[in-house]
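Add 13 to a position in the sequence shown, counting from 1, and you land on the number used in my numbering. A virtual CB, placed ideally from N, CA and C, is assigned to each residue, including glycine. Quantities reported herein were computed from a predicted structural model and do not represent experimental measurements. First the structure, in the form of structure tokens, and then the observations on it.
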Amino acid sequence: MKTTFRIALLPGDGIGPDVTAEAVRVLQEVARRTDDLHFEMEEFSIGAGEYLKSAQAAFGGTKRERNSADLAAGSESVVREFLRSGDPLPERVFERMPEFDAILLGAMGLPGVRWPDGTEMAPQLDLRERLDLYSGVRPIYLFHPDDSPLKGRQAGDIDFVLLRESTEGLFSTRKTPRDPAAERTTDTMLITRAGAERVIRAAFRIAAGRRNKVTLIDKANVLPSMAFFRQIFDEVAREFPQAQTDHVYVDAAALYLVQRPEMFDVMVTENMFGDILSDLGAALVGGMGMAPSADIGDKYAVFQPSHGSAPDIAGQGIANPVATILSAAMMLDWLNTPASRHGAAMIQTAVRTVFADPRARTRDLGGSLSTGEMGAAVLAALPEK
Ligand code: ATP
């Protein structure tokens, strides 16, 4: 009997559509080779491109020509009206998301498309907040020694999971309007007991399936919010007596990640620290093209590469699709049926097989494969069943 999963596809901007297409190809091939796995996929437009499209649509009609002329001439009030009429995450799309078993997302944002206060469109952050996806799971794994800037590391030597709290922390006031005339502005590090407890428990549960060590990354020596985070970590740790625990300040964590990443198994931290350290983690194993991620809540989950829309290489067909392909594998794991877990293992095996040959690399890793060629290599390396 086939298990059918409904997947919402949100390819987004820049390299997002290219890398998502490769992950979809791999998923379809996994389904073809597996007796009891089937996907129904539906694509939706969200992101900076969607924002521009919806602004243009709202702004069109009879006034279109005059407004375009005003826009070109830079009439400030017209530009402001235009900017207000777009929506990077249309409500009609958001409302459909709960219908799906999982969401696979490419990348969002374009540098030239910003809100009036200068911040970029980030519908992926809205999705995390509105669907309450509090666990940002970022596995970091070295497939081949050549891909790490660190010396003397073998495949598998770098192997940890960074868990980023994704609904509060230093991102909590990101939508507070800024007074452009003010000479002073603040961002708030929000830590709630409930928010901290749930992500810390998730970290211990992930660790239980690995080497069972959880390291708290904080700045408890300076910030009261972080001292609170640490207090909650120590309380939750008592529920998991089998686990080994550790506390590391975020600045020291940056140092240790480069000097001795082997010390980490599962790291848990607040939103902004996690954002920064996950890029550092990605750099240890070959860069953003190698870093998958999952944003998981109690009901919903979004799977996407850790990278952004990479406007510097968009449209060239050279983006590395492996982070997105590995994110699709995380999705199958999370769907948690025997068939989907088997599918996840098939993708992991295929990526390992491809990366064993140091010639099979995209440009970001010093190779010459295109996005499509890397996707095809993973596809060809999928085990038969
Ligand atoms: P965001 O803030 O949305 O995470 P960003 O602007 O910080 O995005 P990215 O879009 O992640 O950054 O790009 C950072 C760098 O990594 C760029 O030089 C980009 O070309 C590179 N990069 C990102 N993703 C990939 C990929 N899949 N393949 C190759 N290079 C990539």
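Check: Counted within 10 angstroms of its Cβ, other Cβ atoms place Ser419 as buried (16 or more) or exposed; Outcome: Residue 419 is absent from the structure shown; the chain starts at 14 and stops at 398.
Check: Through-space distance from Gln69 to Leu163, alpha-carbon basis; Outcome: 48 Å
Check: Phe368 - DSSP class collapsed to helix/strand/coil; Outcome: helix
Check: contact_flag[the stretch 266-276, the stretch 238-255] where n(CB pairs < 8 Å) is 3 or more; Outcome: no
Check: Helix, strand or coil at Gly74 [DSSP, three-state]; Outcome: Note that Gly74 scores a pLDDT of 47, beneath 50, so its modelled location is shaky and nothing firm can be said.
Check: Distance, Arg197 Cα to Ala341 Cα; Outcome: 43 Å
Check: Contact check, Val37 vs Leu22, beta carbons under 8 Å; Outcome: yes
Check: Inter-residue CB distance, Met121 and Gly29 (contact presumed, cutoff 8 Å); Outcome: 7 Å
Check: Enclosing alpha helix (DSSP H) for Thr337 [first to last residue]; Outcome: 335-348
Check: Continuous alpha helix (DSSP H) assignments of at least 4 residues falling wholly in the stretch 133-200; Outcome: 136-143
Check: Proximity test, Asp325 beta-carbon vs the ligand ATP heavy atom, cut-off 7 Å; Outcome: yes
Check: Rounded C-alpha distance that separates Thr337 from Phe253; Outcome: 32 Å
Check: Runs of beta strand (DSSP E) lying entirely within the stretch 210-274, each at least 3 residues, in chain order; Outcome: 226-231, 257-262
Check: Anticipated Cβ contact below 8 Å, Leu395 with Glu35, distance rounded; Outcome: With a Cβ gap of about 13 Å, Leu395 and Glu35 do not count as contacting.
Check: Extent of the continuous beta strand (DSSP E) to which Ala394 belongs; Outcome: That residue, Ala394, is in no beta strand (DSSP E); it is neither H nor E in DSSP.
Check: Bridge partners - Phe18, DSSP secondary structure assignment; Outcome: Phe52
Check: Own chain, CB closer than 8 Å to Pro124, minus 5 neighbours either side, in chain order; Outcome: Glu133, Pro324
Check: Assigned exposure category for Glu63 - 16 Cβ within 10 Å defines buried; Outcome: buried
Check: First and last residue of the uninterrupted beta strand (DSSP E) at Gly29; Outcome: Counting along the chain, Gly29 falls outside any beta strand (DSSP E), though it belongs to the alpha helix (DSSP H) covering 29-46.
Check: Strand pairing of Ala358, partner residues [DSSP]; Outcome: Paired residue(s): none; Ala358 is not in a bridge.
Check: Residues near Met239 in its chain [Cβ-Cβ closer than 8 Å; skip 5 each side]; Outcome: Met202, Ile204, Asp231, Lys232, Ala233, Glu283
Check: Host beta strand (DSSP E) of Gly119 (start-end); Outcome: 115-120
Check: beta-carbon His320 near the ligand ATP non-hydrogen atom, thresh 7 Å; Outcome: yes
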